[in-house]
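Shown next, in structure tokens, is the structure this report addresses.
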Amino acid sequence: MQKIIVANWKMNLSLAQSLKLAREYKRLLKKTKHIVAVCPSEFALVGVKRILKNSKIKLGAQDVSSEPKGSHTGDVSAKTLAKIGCKYVIIGHSEKRAMGETCRMVNLKIKAVLKTKKLVPIICIGEGWDKRKSKKSILFITGQIRRALAGIKTKQQIIIAYEPIWAIGTGKVIKPDDAEKQHENIKKTVFKILGAKADFKVIYGGSVNDKNAKKLLSLDSVDGFLIGKTSLKAISFCKIANIS
Ligand code: PGA
Numbered sequence: 000m001q002k003i004i005v006a007n008w009k010m011n012l013s014l015a016q017s018l019k020l021a022r023e024y025k026r027l028l029k030k031t032k033h034i035v036a037v038c039p040s041e042f043a044l045v046g047v048k049r050i051l052k053n054s055k056i057k058l059g060a061q062d063v064s065s066e067p068k069g070s071h072t073g074d075v076s077a078k079t080l081a082k083i084g085c086k087y088v089i090i091g092h093s094e095k096r097a098m099g100e101t102c103r104m105v106n107l108k109i110k111a112v113l114k115t116k117k118l119v120p121i122i123c124i125g126e127g128w129d130k131r132k133s134k135k136s137i138l139f140i141t142g143q144i145r146r147a148l149a150g151i152k153t154k155q156q157i158i159i160a161y162e163p164i165w166a167i168g169t170g171k172v173i174k175p176d177d178a179e180k181q182h183e184n185i186k187k188t189v190f191k192i193l194g195a196k197a198d199f200k201v202i203y204g205g206s207v208n209d210k211n212a213k214k215l216l217s218l219d220s221v222d223g224f225l226i227g228k229t230s231l232k233a234i235s236f237c238k239i240a241n242i243s
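Dropping the structure here:
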């Protein structure tokens, strides 16, 4: 089945390194049957887009402003990202939330992105270790989805990235049966909010690598991955994106 594999390069690469990695992706991903998207730093979006021309690899941004235009130093609007050629935008990554991004800000950013009618939001959710330990992860995640999608009625595609914070960059990956349970709950919740005809995918993120990817990707409820660290290594990332 076709899945979606998203690379999140975070703030790890220079412009030259980003362009080099994009070239390697392009060379190694000629035959992937999955949808692949790469999210470089904002300064590299235009350059990477140029390199990805004539490939099937899509472009994504790591963040977006909730505002359409104006005096917002350092921000980029959804409309500009769409014009550059982005298809996806990551919103509400736990690393942004840890720096103060609230559920309300996440909600406004999703609305701004959907307004373009061109961009697909990749909405990150996930519980910390405290919630997991006290068996409150399902309750917490359901609340996060409700707040992210408050007031939104859309038939456009959205992507939910389930990224348990305790698994991000730690080498601790979720167990397959646990992933299934969480993903099924997320799907049920999104259907309840957006209706039975909702168009969405639920992808997993958190220490995905070329050793644990195959099993997780084989699960029906896992529609793909959001990959950080492993996406910086072209061979390992492309091995995952080339899983048949
Ligand atoms: P990781 O990061 O793959 O390095 O755990 C995932 C993410 O933060 O999106």
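Following numbering that gives the first Met the number 0, the numbering of the sequence shown begins with 0 at its first residue and continues without gaps.
Glycine included, every Cβ here is placed at the ideal spot set by N, Cα and C.
- With a threshold of 8 Å, the Cβ atom of residue 179 does not count as near the ligand PGA, since no heavy atom of the ligand is closer than that.
- Not one heavy atom of the ligand PGA lies closer than 8 Å to the C-beta of residue 234.
- Remark: the shortest separation between the CB of residue 40 and any heavy atom of the ligand PGA does not fall under 8 Å.
- Contiguous alpha helix (DSSP H) elements confined to the segment 39 to 72 occur at 44 to 50, taking only those with 4 or more residues.
- Here the C-alpha atom of residue 73 lies approximately 15 Å from the C-alpha atom of residue 100.
- Runs of alpha helix (DSSP H) with 4 or more residues, each lying fully within the segment 104 to 189, are found at 128 to 132, 136 to 147, listed in chain order.
- Nearest neighbour of residue 105 by Cα position, chosen from 139, 124, 117, 227, turns out to be 124.
- Shown here, residue 213 sits in a helix according to DSSP, grouped into three states.
- Looking only at 187, 206, 205, the smallest Cα-Cα distance to residue 198 is reached by 187.
- Taking a cut-off of 8 Å on C-beta distances, the segment 229 to 236 does not touch the segment 150 to 158, as fewer than three cross pairs fall below it.
- Annotation: residue 202 is outside any alpha helix (DSSP H); the continuous beta strand (DSSP E) that includes it extends over 199 to 204.
- Proximity of the beta carbon of residue 124 to the ligand PGA is not indicated: no heavy atom of the ligand is located closer than 8 Å.
- In the DSSP annotation of this structure, the continuous segment of the alpha helix (DSSP H) that includes residue 21 starts and ends at 14 to 27.
- DSSP places residue 77 inside the alpha helix (DSSP H), whose first and last residues are 77 to 83.
- Its chain contains 36, 225 as the residues whose beta carbon lies nearer than 6 Å to that of residue 5, once the 5 sequence neighbours on both sides are disregarded; these appear in chain order.
- By DSSP's assignment, residue 223 forms a beta bridge with 3.
- Counting only residues of its own chain and dropping the five nearest sequence neighbours on each side, residue 130 has a CB closer than 7 Å to the CB of 136, 139.
- With respect to residue 202, residue 56 sits apart: the two C-beta atoms are not nearer than 9 Å.
- The shortest C-alpha to C-alpha distance from residue 173 to any of 229, 206, 150 is the one to 206.
- Contact between residue 58 and residue 95 fails: their C-beta atoms lie close to 19 Å from each other, not under 8 Å.
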